[in-house]
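Number of protein chains: 2
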Amino acid sequence: MRKAYHDELDRIAESLVDMTHLAASAMSRATTALLDADVHLADSVITADADIDAQREHIDLLSFDLIALQQPVATDLRVVVTSMRMSSDIERMGDLARHVAKVARLRYPNSAVPPELRGTFREMGAVAELIVEKTGSVIAARDVETARAIAREDDAMDRLHRELFEQVTSKDWPHDTETAVDVTLLGRYYERFADHAVSVAERVIWIVTGEWGDEADGSHEDAEDADASPAT
Amino acid sequence: MRKAYHDELDRIAESLVDMTHLAASAMSRATTALLDADVHLADSVITADADIDAQREHIDLLSFDLIALQQPVATDLRVVVTSMRMSSDIERMGDLARHVAKVARLRYPNSAVPPELRGTFREMGAVAELIVEKTGSVIAARDVETARAIAREDDAMDRLHRELFEQVTSKDWPHDTETAVDVTLLGRYYERFADHAVSVAERVIWIVTGEWGDEADGSHEDAEDADASPAT
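Chain order of the listed sequences is F and Y. Residue numbering for the first sequence follows the numbering used here, beginning at 1 and increasing consecutively. Residue numbering for the second sequence follows the numbering used here, beginning at 1 and increasing consecutively.
Encoded structure:
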């Protein structure tokens with residue numbers, strides 16, 4: 001019984017790690033599609049989001065069966081329920097990558113990103129990819145130290161997001177409001193992507209240590225947005 | 001055992017309904033704070049979000065205990081796990097109301113909303129309030145018919161959101177980009193608020209009928225955003 005339980009739990013964790021790879025790939029390709037105005041790549045991200053959704057359904061089914069058949073209590077139950085929440089977070093990360101891809105597709109053959117902001121978006125894409133890959137390692141190894149470090153990556157994202165916000169709202173913004181709107185939403189998609197990664201990491205910390213981060217309830221941005229660009 | 005189980009389940013449903021009232025009040029007050037540039041009201045929304053978060057924790061604890069002590073399977077288990085997801089949705093609705101309040105506070109003593117868009121935001125606020133109150137009734141009565149009708153309220157929100165988007169991105173937009181950024185984010189907060197209400201309604205449909213709406217996985221906007229303003 002215990003063996004079966006732990007095998008099932010391992011399968012769930014592996015599926016979660018797979019999901020993080022899919023989300024990382026999606027955001028990486030979405031960023032490239034955005035910067036290179038590559039509509040085919042954008043379409044591939046949009047289409048592939050169904051795979052992430054399917055992976056989440058798969059994890060839900062595994063988790064349900066595990067609860068129903070093994071009837072875990074206490075810590076074991078906490079792990080299973082938390083896994084279902086992690087799959088929600090990662091699925092949402094996939095949605096956000098898809099949103100980025102949709103903006104890329106919408107502005108094709110132009111790029112939605114003005115030249116002077118390309119560097120910032122490139123960095124946001126790199127941070128997003130790094131943070132979700134680290135999240136995968138954190139899940140695989142139940143690595144609390146790396147989980148805590150993910151908050152620092154998120155600080156980097158918040159800084160980039162703030163920079164973006166300052167440029168868009170500066171009096172010298174040389175572009176039209178359509179571009180400002182695109183940049184505003186894109187910035188929010190990347191920021192939320194990182195927030196969900198932090199939520200996943202904090203859920204792992206909770207599983208391992210029983211400590212709730214302030215944000216292990218999944219509303220990570222709440223603590224952060226006091227310091228971030230206030231309207232975002 | 002069954003009696004205790006159903007009593008517990010009723011308590012969870014009541015707590016969820018309470019949460020919808022809190023979220024409705026938060027969004028209603030946030031909208032007023034936004035339109036009237038009422039900083040005290042905005043602060044009250046920001047402070048009161050902790051109550052919604054606490055309510056969600058309470059529901060999580062009830063649900064955990066219920067699973068651990070009663071070991072429900074099949075439909076019963078589905079109901080409990082789905083309740084935890086509904087509490088996540090409603091908590092997030094509270095966060096979005098708080099975001100609206102923060103924009104109101106940030107622009108005080110001015111209003112973040114230009115005069116010609118006040119009507120649109122007033123309508124978005126009214127739709128948001130209506131949709132979350134209906135969501136409460138849907139939970140309380142497990143009312144599938146009303147749950148299905150909530151998708152129509154959401155269509156109204158999407159229409160308003162699209163209108164907003166068209167105005168902000170029109171060539172004649174007479175305001176600065178800071179205002180465009182505020183309006184863009186505010187529009188998204190209201191739209192996401194309605195999306196989460198639809199998710200809750202679809203989860204109730206699932207509990208009652210076993211039918212998954214396309215969006216019962218919580219990613220409601222995915223189906224919608226194909227028709228909505230593409231970048232939002």
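For each residue, glycine too, the CB sits at the ideal point set by N, CA and C.
DSSP, read as helix, strand or coil, puts residue 161 of chain Y in helix. Taking a contact as a CB-CB distance under 8 Å, the pair residue 205 of chain Y and residue 16 of chain Y does not count as one, their CB atoms being some 15 Å apart. Taking all protein chains in view, the Cβ of residue 111 of chain Y is crowded by 16 or more other Cβ atoms within 10 Å, so the residue is classified as buried. DSSP places residue 173 of chain F outside any alpha helix (DSSP H), giving it a letter other than H or E. Contact between the stretch 50 to 64 of chain F and the stretch 126 to 142 of chain F is absent: fewer than 3 CB-CB pairs across the two stretches fall below 8 Å. A direct Cα-to-Cα measurement between residue 59 of chain F and residue 94 of chain F gives close to 15 Å. Following the DSSP letters along the chain, one finds residue 5 of chain Y inside the alpha helix (DSSP H) bounded by residues 2 to 36. If you check the CB distance, residue 26 of chain F and residue 97 of chain F come in under 8 Å. Here DSSP, grouped into helix, strand and coil, assigns residue 113 of chain Y to coil. With fewer than 16 other Cβ atoms inside 10 Å of its own Cβ, residue 118 of chain Y counts as exposed. Residue 71 of chain F sits in coil when the DSSP states are folded into three classes, being neither helix nor strand. By the criterion of at least three beta-carbon pairs nearer than 8 Å, the stretch 27 to 41 of chain F is not in contact with the stretch 62 to 80 of chain F. CA-to-CA, the gap between residue 88 of chain F and residue 9 of chain F works out to about 17 Å. Cβ contact annotation for residue 125 of chain Y (same chain, cutoff 6 Å, sequence separation greater than five): 31, in chain order. Around the beta carbon of residue 4 of chain F, fewer than 16 other beta carbons lie within 10 angstroms, which makes this residue exposed. Note on geometry: alpha-carbon atoms of residue 153 of chain F and residue 164 of chain Y lie some 34 Å from one another.
Residue environment: residue 41 of chain Y is assigned as buried (16 or more neighbouring CB atoms within 10 Å of its CB, all protein chains considered). Think of a sphere of 7 Å around the beta carbon of residue 71 of chain F: the chain Y residues whose beta carbon falls inside it are 71, in chain order. From the listed residues F:74, F:47 and F:91, the smallest Cα separation to residue 197 of chain F is found for F:91.
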